[in-house]
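Beneath this line is the structure, given in structure tokens, with notes to follow.
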Amino acid sequence: MNIGSVEFSHIARTLNRHTQHLQGTSISFRAPPSDPKVNRSLRKRDDGSVVIAVALKNRSREDIIADLIDGICAANSHIENSSLREILDDAGNKLLG
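Just so you know, the sequence shown maps onto residues 10 to 106 in the working numbering.
Spelled out as structure tokens, the structure:
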């Protein structure tokens, strides 16, 4: 089942909110990636912000959330990654309900 743009925005904002109190990198989200061959892409801008793009079509909610979490962790490599991943995994599990 595909998720729509409103649900994608809600998931991305919810996960991103969990990095802000850890002084995480400024992240923007979009769908889909510009390269149709990939499910996720990460682009660092000159100002230090990051854009994570995730494919939504024909993908499970679990896979989309996992890609967002992986992208957020990659963009925030300056934060101790195991604690960040634990926080985001917990948030992702709550989103999956």
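Ideal Cβ positions, reconstructed from N, Cα and C, are used throughout, including at glycine.
Nothing here was measured: the structure is a model prediction, and the numbers come from that model.
I think residue i touches residue j, with their Cβ atoms under 8 Å apart; what is that distance to the nearest whole Å?
i, j, result
"T34", "G57", "7 Å"
"I78", "L97", "5 Å"
"L65", "P42", "With a Cβ gap of about 10 Å, L65 and P42 do not count as contacting."
Looking only at its own chain, which residues have a Cβ that is under 8 Å from the Cβ of residue i, when we skip the five neighbours before and after it?
i, result
"N67", "N11"
For residue i, I'd like the list of residues in its chain whose CB is within less than 6 Å of its CB, leaving aside the five on either flank, ordered along the chain.
i, result
"L31", "I88"
"G101", "I74 and I78"
"F38", "A21 and I61"
"R52", "V60"
According to DSSP, which residues form a beta bridge with residue i?
i, result
"F38", "I61"
Counting only the same chain and skipping the five closest in sequence on each side, list residues whose C-beta sits under 7 Å from that of residue i.
i, result
"L104", "I20, T23 and I74"
"D76", "N48, R49 and V63"
(request) Answer yes if the segment 53 to 67 comes into contact with the segment 79 to 95, meaning at least three C-beta pairs across the two stretches below 8 Å, and no otherwise. (result) yes
(message) Whether or not the segment 46 to 57 and the segment 18 to 27 are in contact is what I'm after, with contact meaning three or more pairs of Cβ atoms, one per stretch, closer than 8 Å; do they touch?
(response) no
(message) Just to confirm the assignment: which complete alpha helix (DSSP H) runs, minimum length 4, are found wholly within the segment 48 to 104?
(response) 70 to 84
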